[in-house]
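Beneath this line is the structure, given in structure tokens, with notes to follow.
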Amino acid sequence: MHWADVIAEEVAGTCERPLIATGISPTGIIHVGSLREAITGESVRSAVESKGKDVRLIYLIDSFDPLRKCYDFLPKEYEKYTGMPIYKIPCPCGKHDNYAHHFVQPFLDAVASLNVKCDIIWTHELYEQGKFAEAIDLTFKKREQIINILHEVSGKEAKEDYAPYNPLCEECGRFTDPDFDSYSFPTVEYHCKCGHHGTADVRKGDGKLTWRLEWPAKWFIFGTSAEPFGKDHAAAGGSYDTGKRIAKEIFGTEPPLPIPYEFVQLRGVGQMHKSLGCSVTGLDAINMTPPEVLNYLFLRVNPNKSIEYDPGMGTLDMADEYDRMERAFFSKEFTEAEENNVRAYEIAQHNRVPSKIPLQVSCRHLANIVQMAGTFEGALEILNRTDDMSSASEEDLERLRRRSECVRYWLNGFAPDQIKFSVFPTIPADAVLSMTDKAFFQELVRRMNDCNWDSETISEIISDTGKTSPIGTKAGYKVIYSVLIGKQAGPRLGPFLASMDKHFVINRFIQASS
Ligand SMILES: [Zn+2]
Ligand SMILES: [Zn+2]
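According to our numbering, the stretch in the sequence shown is residues 96 to 609, in order.
Below you can see the structure in the form of structure tokens.
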């Protein structure tokens, strides 16, 4: 059974209306691993839904978290905002409401494009609406007990002055510690380091719980049934372990079924992101991988196994594997070993697979086509020459458009140089042709003039001409690439030439032969 089905079975057994929670802390550039959380949550949601349950997925944005430091990717003046909640810090580009919004918006767009069906919830709003008030009240009343739990479970020294709740100083805008003795629902006093003395109302957005308390408080508020989270939180004595006891003993609620996931490893050191100086961001992964493939990439592997994400040729390999599983799903022909991946394909469609197989144009093929065509319309024109596009539906064209955009993004940022090319408008100036080369082109032109312009015929002519000419096949291929793209190698010649206009190719060969 696929892992999402196993988890779904357990979740569906817990209650009538399960709730799955996922979340993100948008304090900086969002890593590709965050995608795993969203996709894992959605896959469990759709698997529970397919069991006939009324299930809800929430996506919590931790917009009330403080900016911990002035990260390298931020302008120097952001130093002055450290310690402040990120929803109160201005956005670095000027186009978003605030800092949190700036970093999370592209990600939310992606979550939407992946068809994740979730309710977006901003944590700072929950505080402002008083949703945390009861939980905060309990943490003040049971503070000693909390200190004990944290000490017993995490093994860390018990701190007498441990503050489960930090008021937000109304003067300097930073989180500070409360004066515990002054607490009387709903207010607590504080003396901030900046010298300000003020009062915080726990029913308003005047302060926040610390992470180890806030997490179980969210379970308490939402009645969370299951939650995927990074394996660092799942370590012995970690925040899930303390959260479990705090949920039961402080808030009187059951902890959710944990779905810890391993991190995503990046392959290809040196594939540095051009503008950010870090490797692949979540946004890159979204921009260069078609949504259906990205879903599949995470679903084919059990969350407790790490995923090696290869932003180079692996991107095309993964898309090819997806297409293969799609064919297997529709033909019902697959091996036992492929069963899991075929089910992953199905879940990647949110358990709503189309009634017939979509038009498949591989990303590998598109990688060549988009390099020859400047626009999507241009790419379609080429495809009409090489593929049977007569049955393409609206959805097929939409998928094709999205795939083309992804492939273009990948080519601009991550594709290895050997697959990049551009067709020169005339013979490249540095192409030096010998008499043997010229004779080879003459013979090609003679044979190609009346041939059918399809990939197979073209391949045959080139290979035959190479074999029967003094130049030989290998050198023949090289010299063809050199007059078209100024390189010694390139895309497979049959489909490549077939995708170009016949007259254009023959004219180039005539030029090359004289
Ligand atoms: Zn912005
Ligand atoms: Zn202050």
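The C-beta atom is built at its ideal place from N, Cα and C for all residues, glycine as well.
Helix, strand or coil at V211 according to DSSP, with G and I counted as helix: Taking the first residue of the sequence shown as 1, we reach residue 211 at position 116. Three-state result, V211: coil.
Taking 8 Å as the cut-off, decide whether the C-beta atoms of C213 and I119 are in contact. Within the sequence shown, numbered from 1, the residue matching residue 213 stands at position 118. Within the sequence shown, numbered from 1, the residue matching residue 119 stands at position 24. No. Outside cutoff.
What first and last residue would you give for the beta strand (DSSP E) that runs through P355? If you number the sequence shown from 1, residue 355 lands on position 260. Unbroken beta strand (DSSP E) run through P355: L352 to Y356.
Looking at C-alpha atoms only, which residue of E431, S529 and L389 is the closest neighbour of G409? Looking up residue 409 in the sequence shown gives position 314. Minimum Cα distance to G409 is reached at L389.
Got a list of residues with beta-carbon closer than 5 Å to any non-hydrogen atom of ligand 2, in chain order? C264, E266, C267, C287, C289 and H291
Reference L492, options T531, P180, F471 and P406, closest by Cα: Reading the sequence shown from its first residue, position 397 is the one you call residue 492. Residue F471 is the option with its Cα nearest to L492.
Please report the residue range of the beta strand (DSSP E) in which I402 lies. For the purposes of this step, residue 402 is identified with residue 307 of the sequence shown, where counting begins at 1. Per DSSP, I402 belongs to the beta strand (DSSP E) from I402 to Y404.
Buried or exposed by the 16-neighbour rule on C-beta atoms within 10 Å, applied to H598: Indexing the sequence shown from 1 puts residue 598 at position 503. So H598 ends up on the exposed side.
Secondary structure at H97, three-state DSSP: helix, strand or coil? Taking the sequence shown and counting its residues from 1, the one referred to as residue 97 is at position 2. The answer is coil: DSSP assigns H97 none of H, G, I, E or B.
Excluding sequence positions up to five away, which residues of its chain have a Cβ less than 7 Å from the Cβ of F159? Working through the sequence shown from its first residue, we reach residue 159 at position 64. Result list for F159: P180, Y182, T218, H219, Y222 and K303, in chain order.
Check whether the Cβ atoms of F536 and S608 sit closer than 8 Å, and answer yes or no. The sequence position of residue 536 within the sequence shown is 441, counting from 1. The sequence position of residue 608 within the sequence shown is 513, counting from 1. Their beta carbons are under 8 Å apart, which means F536 touches S608 by this criterion.
Ordered along the chain, which non-local residues of its own chain (more than five positions away) have a Cβ less than 8 Å from that of I216? Locating residue 216 in the sequence shown gives position 121, counting from the first residue. These residues qualify, in order along the chain: I153, Y154, L155 and I156.
Segment limits, alpha helix (DSSP H) that includes E284: Here the question's residue 284 lines up with position 189 in the sequence shown. Per DSSP, E284 belongs to no alpha helix (DSSP H); it is in the beta strand (DSSP E), T282 to H286.
For G318 and D232, the rounded distance between their alpha carbons: Reading the sequence shown from its first residue, position 137 is the one you call residue 232. Reading the sequence shown from its first residue, position 223 is the one you call residue 318. Those two C-alpha atoms are separated by around 18 Å.
Compute the minimum distance between the beta carbon of G189 and the heavy atoms of ligand 3, and state whether it is under 7 Å. Ligand 3 is absent from the structure shown, which contains only ligand 1 and ligand 2.
Determine the burial state of H291: buried for a count of at least 16 other Cβ atoms within 10 Å of its Cβ, exposed for fewer. The residue you call residue 291 lines up with position 196 of the sequence shown. Exposed, since its Cβ has fewer than 16 Cβ neighbours within 10 Å.
Looking at F519 and L592, is the spacing between their C-beta atoms short of 8 Å? Indexing the sequence shown from 1 puts residue 592 at position 497. Indexing the sequence shown from 1 puts residue 519 at position 424. Contact flag unset, no.
Name, in chain order, the residues that DSSP records as bridge partners for G118. Along the sequence shown, one-based indexing puts residue 118 at 23. The partner list for G118 (beta bridge, DSSP) reads L155.
Identify which residue in V143, P121 and G300 has its Cα closest to the Cα of H445. The residue given as residue 445 occupies position 350 in the sequence shown. Checking every option, the nearest Cα to that of H445 belongs to V143.
If you reduce the DSSP assignment to three classes, tell me which class A439 lands in. Here residue 439 corresponds to residue number 344 of the sequence shown, with the count starting at 1. Three-state DSSP puts A439 in a helix.
According to the Cβ coordinates, are I442 and S138 closer than 8 Å? Here residue 442 corresponds to residue number 347 of the sequence shown, with the count starting at 1. Here residue 138 corresponds to residue number 43 of the sequence shown, with the count starting at 1. Yes, the pair counts as a contact, with Cβ atoms nearer than the cut-off.
Assuming K427 is part of the beta strand (DSSP E), what are its boundary residues? One-based indexing of the sequence shown puts residue 427 at position 332. Neither: K427 is in no beta strand (DSSP E) and is coded neither H nor E.
Determine which residues share a DSSP beta bridge with F260 and list them. As a first step, residue 260 must be located in the sequence shown, where it is residue number 165. Sequence inspection shows Tyr at residue 260; the Phe mentioned does not correspond to that position. Answer by DSSP bridge pairing, in chain order: L304.
Any idea what DSSP makes of D379, helix, strand or coil? As a first step, residue 379 is located in the sequence shown; it is residue number 284 there, counting from the start. Note: D379 maps to helix in three-state DSSP.
On a Cα-Cα basis, can you pick out the residue from H286, A205 and I402 that is closest to I381? If you number the sequence shown from 1, residue 381 lands on position 286. Here the closest residue by C-alpha is A205.
Would you be able to state if there are at least three C-beta pairs under 8 Å between the region 163-172 and the region 402-422? no
Own chain partners of E576 with C-beta closer than 7 Å, once the 5 adjacent residues on each side are dropped: As a first step, residue 576 must be located in the sequence shown, where it is residue number 481. According to the sequence displayed, residue 576 carries Tyr and not Glu. So the qualifying residues of the chain are K582, Q583, A584 and G585.
Please list the terminal residues of the continuous alpha helix (DSSP H) segment that includes E476. As a position in the sequence shown, residue 476 is number 381, starting the count at 1. E476 -> alpha helix (DSSP H) spans F471 to T481.
Taking the beta carbon of E104 as the centre, do at least 16 other beta carbons fall within 10 Å, making it buried, or is it exposed? Mapped onto the sequence shown, residue 104 falls at position 9. Exposed.
Would you check if there are 3 or more beta carbon pairs closer than 8 Å linking the region 553-571 to the region 500-516? no
By Cβ distance, which residues of its chain are closer than 8 Å to A342, with the 5 residues on each side in sequence left out? The sequence position of residue 342 within the sequence shown is 247, counting from 1. Here the set comprises P311, W314, F315, T348, E349 and P350.
From what residue to what residue does the alpha helix (DSSP H) around P386 run? Taking the sequence shown and counting its residues from 1, one reaches residue 386 at position 291. Counting along the chain, the alpha helix (DSSP H) containing P386 begins and ends at P386 to L394.
With 16 as the cutoff for other CB atoms within 10 Å, does A331 come out buried or exposed? The residue you call residue 331 lines up with position 236 of the sequence shown. Looking at its Cβ environment, which holds fewer than 16 other Cβ atoms inside 10 Å, A331 is exposed.
Looking at R298 and A195, is the spacing between their C-beta atoms short of 8 Å? Within the sequence shown, numbered from 1, the residue matching residue 195 stands at position 100. Within the sequence shown, numbered from 1, the residue matching residue 298 stands at position 203. Not closer than 8 Å, so no.
Apart from the five residues just before and just after I556, which ones in its own chain have a Cβ nearer than 8 Å to its Cβ? Within the sequence shown, numbered from 1, the residue matching residue 556 stands at position 461. The answer, listed in chain order, is L539, R542, M543 and C546.
Counting beta carbon pairs with one atom in the region 461-468 and one in the region 423-432, are three or more of them shorter than 8 Å? no
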